[in-house]
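Undergrad:
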Amino acid sequence: MTGLNYLKGEPPILAKPDEEYPAWLWEFTKPRRLVDDGPGGKAEKWRLRLTHRQTLKDANFFKAK
Numbered sequence: 022m023t024g025l026n027y028l029k030g031e032p033p034i035l036a037k038p039d040e041e042y043p044a045w046l047w048e049f050t051k052p053r054r055l056v057d058d059g060p061g062g063k064a065e066k067w068r069l070r071l072t073h074r075q076t077l078k079d080a081n082f083f084k085a086k
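First residue of the sequence shown: 22, per our numbering; consecutive thereafter.
(1) Assuming L55 contacts W67 under a Cβ cut-off of 8 Å, what Cβ separation, rounded to an integer in Å, is found between them?
(2) Where do the N-terminal and C-terminal ends of the alpha helix (DSSP H) with L77 fall, by residue?
(3) To the nearest angstrom, how far is it from the Cα of G59 to the Cα of R53?
(4) Flag this pair as yes or no: are the beta carbons of E48 and D57 separated by less than 9 Å?
Next comes the structure, spelled out in structure tokens:
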């Protein structure tokens, strides 16, 4: 793959085939799954945080107009 190196004068970086990388590396491309552990758990806090962020974004969007 060309154009991967970002330093001038360095040899080109060669990407390896997918099979040569560890299996856990490909887990980062999948969406994150949280176990629903009931009220007050991590999944609920994550959902509330996303909802709150979106509410703030919507409020700021409408204020700007």
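Cβ coordinates follow ideal geometry from the N, Cα and C atoms, glycine included.
TA: Reading off the structure:
(1) Taking the first residue of the sequence shown as position 1, residue 55 is located at position 34. Taking the first residue of the sequence shown as position 1, residue 67 is located at position 46. The beta carbons of L55 and W67 sit about 6 Å from each other, so the pair counts as a contact at 8 Å.
(2) Stepping through the sequence shown from its first residue, residue 77 is reached at position 56. Unbroken alpha helix (DSSP H) run through L77: K63 to A85.
(3) Locating residue 59 in the sequence shown gives position 38, counting from the first residue. Locating residue 53 in the sequence shown gives position 32, counting from the first residue. Rounded to the nearest angstrom, the two C-alpha atoms are 18 Å apart.
(4) Working through the sequence shown from its first residue, we reach residue 48 at position 27. Working through the sequence shown from its first residue, we reach residue 57 at position 36. Not a contact, by the Cβ cut-off of 9 Å.
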